[in-house]
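Reading through the structure tokens given below for one structure.
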Amino acid sequence: MDDNIQRILDHFFIDISSVNKQPPTSPLFLEEMDLIHFDEYHLKKYKSEKCPVCSDLFQKDEEGTKLPCGHLYHYDCILPWLKQHNTCPMCRYELPTLDVKYEHKKIAEKEEKYANSKQNSINQNKIKKIMESDINSMYS
């Protein structure tokens, strides 16, 4: 294969692989995560819960953590995931990150979504007024 074509393909695949890549969870968030020490109380409270990563029931004296979305994990099971991703692996609830580009992109997406929904609302109001005007003119 021609070297130029190969370089273009290599560049394309590198760009594609990073398009939707999520940044790791903020180290500060990881340090501040509440740990659950599974004692008798917690074992009763979470008696039928399994760690979604390893599928094991929680056992006495193990360490776990509950993410803000409510999903419960063994601490040692979820930590490697959170060091690479800023989401809950079960529901994709987003956790804080230090990646400024990613955070700016999220803000821009929310602003665009808001602007689009506001524009749709304005358009719906215009349509409603036109329809009301048409109906009124029919009966005048």
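Taking the UniProt record's numbering, the leading residue of the sequence shown gets 1, the next gets one more, and so forth. Yeah, the Cβ is synthetic: ideal placement off N, Cα and C, and Gly gets one too. All values reported here derive from a predicted model rather than from experimental measurement.
- Residue state for Tyr75 is assigned as helix, using DSSP reduced to three classes.
- Per DSSP, reduced to three states, the secondary structure at Glu49 is coil, with no helix or strand assignment.
- Secondary structure of Leu95 (DSSP, three-state): coil.
- Here His85 has Gln22 as same chain residues with Cβ atoms under 6 Å from its own Cβ, once five neighbours each way along the sequence are excluded.
- Around Glu31, the same chain offers no residue with a beta carbon nearer than 8 Å, after the five sequence neighbours per side are excluded.
- Pairwise C-beta distances place the stretch 88–99 in contact with the stretch 65–74, as three or more of them are shorter than 8 Å.
- Of the candidates Lys60, Asp99, Ser55 and Val100, the residue whose Cα lies closest to the Cα of Ile78 is Ser55.
- Within its own chain, no residue has a Cβ closer than 6 Å to the Cβ of Asp34 once the five positions on either side in sequence are excluded.
- Taking C-beta atoms as the reference points, Leu28 and Tyr46 fail to come closer than 8 Å.
- A residue is called buried when at least 16 other Cβ atoms come within 10 angstroms of its Cβ; His74 meets this threshold and is buried.
- According to DSSP, Glu63 shares a beta bridge with His37.
- Under a 10 Å Cβ-count criterion, Ile36 is classified as buried, with 16 or more other Cβ atoms of the shown protein chains found around its own Cβ.
- Shown here for Leu57: same chain residues with a beta carbon closer than 6 Å to its own, the five before and five after excluded, namely Lys50 in chain order.
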